[in-house]
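Visitor: Handing you this structure, nothing more for now.
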Amino acid sequence: MNESAIPFGVIGAGRIGKIHAANLANRIRDARIVVLSDSAKDECERLAGQLNIAKTTPDYRAVLRDPEVQAIAICSSTNSHFDIIMAAADAGKHIFCEKPIDLSIENIKTIDKKIRATGVTFMVGFNRRFDANFAKIRDLVRSGAVGDPHVVKITSRDPAPPSEKYIRSSGGLFLDMTIHDFDMARYLIDSEIVEVYAQGRVLVDPVFAKAGDIDTATVMLNYENGALAVIDNSRRAVYGYDQRVEVFGSKGMATVTNKTPDNHIYSNTDGIHSALPLNFFMERYVDSFLTEMQIFVDCVKKKVEPPVTTWDGLASVAIALAANRSIEEHRPVQVAEFVERR
């Protein structure tokens with residue numbers, strides 16, 4: 060056993076918990092898992108058995124009381140984040156938290172104060188920042204290769220809708236799905252978003268209307284530096300997980316297209332054919348999940364601030380709330396209606 064490895068507690072053994080737990084157990088340098096927690100006892104024990112994790116508990120508080128645990132990965136539902144973060148910070152545990160931090164601006168501000176007061180390391184899980192393709196676009200923008208950014212286009216479409224249970228607890232399309240795109244829009248361009256105009260519909264499945272949500276949306280963003288961004292979302296793209304980005308500027312354009320299982324092109328009398336996009340985020344972003352957690356571990360060991368902070372979590376939630384208000388009130392909404400720029 061690596062004696063210098065940071066002992067982790069992982070809270071949440073669902074889809075995202077499985078990804079982070081597997082990485083921490085097998086692939087992350089200088090980390091190991093001490094305990095896994097989930098209220099679904101059977102699922103928790105099954106995952107722990109697969110990853111050779113010695114301890115499990117249905118109660119996250121037991122994780123925070125464990126003197127061996129130095130850091131936690133919060134992979135539970137969003138409505139649990141606030142209580143876990145506050146208790147973990149008081150217990151002196153370093154915290155990696157999946158997005159969104161919380162659905163409340165005030166709660167996130169309270170979390171920020173707690174993190175600053177306790178001095179623990181805190182990082183938000185916006186994994187797409189650590190995708191090599193999107194990072195390259197950001198590097199090209201920052202280097203001036205595309206000139207002054209004029210237009211950002213982001214397409215993000217899931218291959219299939221989630222369950223009704225998930226929809227009802229997700230916080231809605233903008234806070235659950237588009238929040239990644241809001242963060243990406245901020246990440247790609249070195250300027251804050253000041254205004255949001257959104258439109259949304261239920262075009263995929265009536266279950267979204269039943270849950271008070273939408274499944275299809277377009278969002279226009281105005282940056283402080285004058286650039287524009289357009290995001291389009293759908294909960295169902297029949298051809299797979301559609302993830303594309305484009306930045307157009309005064310000197311050129313940089314684009315990321317979909318990743319596919321292979322890059323073959325087959326031509327015959329019926330047309331030209333190629334592979335469909337990778338099916339979902341577990342396949343598309345496998346490397347970015349690994350990279351972001353490795354960076355968090357390195358930040359804990361080096362005692363430096365992570366690259367994704369409470370401000371990044373707060374800014375993206377504010378944009379999402381502005382998008383919700385835009386749909387409700389049929390108008391462009393200033394982000395400053397929710398949070399003042401840092």
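Whatever position you read off the sequence shown (first residue = 1), add 59 for the numbering used here.
All residues carry an ideal CB built from backbone N, CA and C; glycine is no exception.
Please determine, among ALA194, LEU373, VAL367, ASP242, the residue with the shortest C-alpha to C-alpha distance to ARG401.
Guide: When only C-alpha atoms are compared, the closest one is LEU373.
Visitor: Among PHE185, GLY308, GLU251, PRO265, which has the Cα closest to the Cα of VAL205?
Guide: Comparing Cα positions, the closest option is GLY308.
Visitor: Which first and last residues belong to the alpha helix (DSSP H) in which PHE241 is found?
Guide: Note, PHE241: alpha helix (DSSP H), 237-247.
Visitor: First and last residue of the alpha helix (DSSP H) that includes VAL122?
Guide: 119-124 is the span of the alpha helix (DSSP H), which, as asked, contains VAL122.
Visitor: Per DSSP, what are the beta-bridge partners of ARG193 in this structure?
Guide: It should be noted that the sequence gives Phe, not Arg, for residue 193. Answer by DSSP bridge pairing: none, since PHE193 is not bridged.
Visitor: Taking 8 Å as the cut-off, does the segment 103-111 touch the segment 72-92 (at least 3 CB pairs, one atom from each stretch)?
Guide: Contact between the segment 72-92 and the segment 103-111 is present, because at least three Cβ pairs lie under 8 Å.
Visitor: Among HIS140, PHE193, ASP329, MET182, which residue has its Cα nearest to the Cα of SER229?
Guide: Out of HIS140, PHE193, ASP329, MET182, HIS140 has the C-alpha closest to the C-alpha of SER229.
Visitor: Whether or not the segment 169-188 and the segment 140-156 are in contact is what I'm after, with contact meaning three or more pairs of Cβ atoms, one per stretch, closer than 8 Å; do they touch?
Guide: Yes, the segment 140-156 is in contact with the segment 169-188.
Visitor: Expressed to the nearest angstrom, what Euclidean distance is found between the alpha-carbon atoms of MET16 and ARG227?
Guide: Nothing can be reported for residue 16, as the shown portion of the chain is limited to 60 through 401.
Visitor: Which one of LYS168, SER163, ASN166, ARG124 has the shortest CA to CA distance from LYS152?
Guide: Among LYS168, SER163, ASN166, ARG124, the Cα nearest to that of LYS152 belongs to ARG124.
Visitor: Looking at the unbroken alpha helix (DSSP H) that takes in ASN166, where does it start and where does it end?
Guide: Counting along the chain, the alpha helix (DSSP H) containing ASN166 begins and ends at 164-177.
Visitor: Determine, using beta carbons only, whether ASN61 and ARG91 come nearer to each other than 9 Å.
Guide: For ASN61 and ARG91, yes; Cβs fall inside 9 Å.
Visitor: Based on the DSSP output, what are the partners of PRO208 in its beta bridges?
Guide: DSSP output for PRO208 lists GLY308 as bridge partner(s).
Visitor: Rounded to the nearest angstrom, how far is the Cβ of ILE4 from that of PHE189, given a contact under 8 Å?
Guide: Outside the displayed range of the chain (60 to 401) lies residue 4, so it cannot be described from this structure.
Visitor: Rounded to whole angstroms, what is the Cα-Cα separation between ARG295 and ASP240?
Guide: Rounded to whole angstroms, ARG295 to ASP240 spans 16 Å at the Cα level.
Visitor: Tell me which same chain residues have a C-beta within less than 6 Å of the C-beta of LYS310, skipping the five on either side of it?
Guide: The residues are VAL205, GLY206.
Visitor: Can you grab the Cα-Cα spacing for the pair LEU335 / ALA176, in whole Å?
Guide: Using only the alpha carbons, I get a separation of about 48 Å.
Visitor: Relative to the C-alpha of CYS134, which candidate in LYS224, SER96, ASP198, THR277 has its C-alpha closest?
Guide: Looking at the Cα atoms, SER96 is the closest of the given residues.
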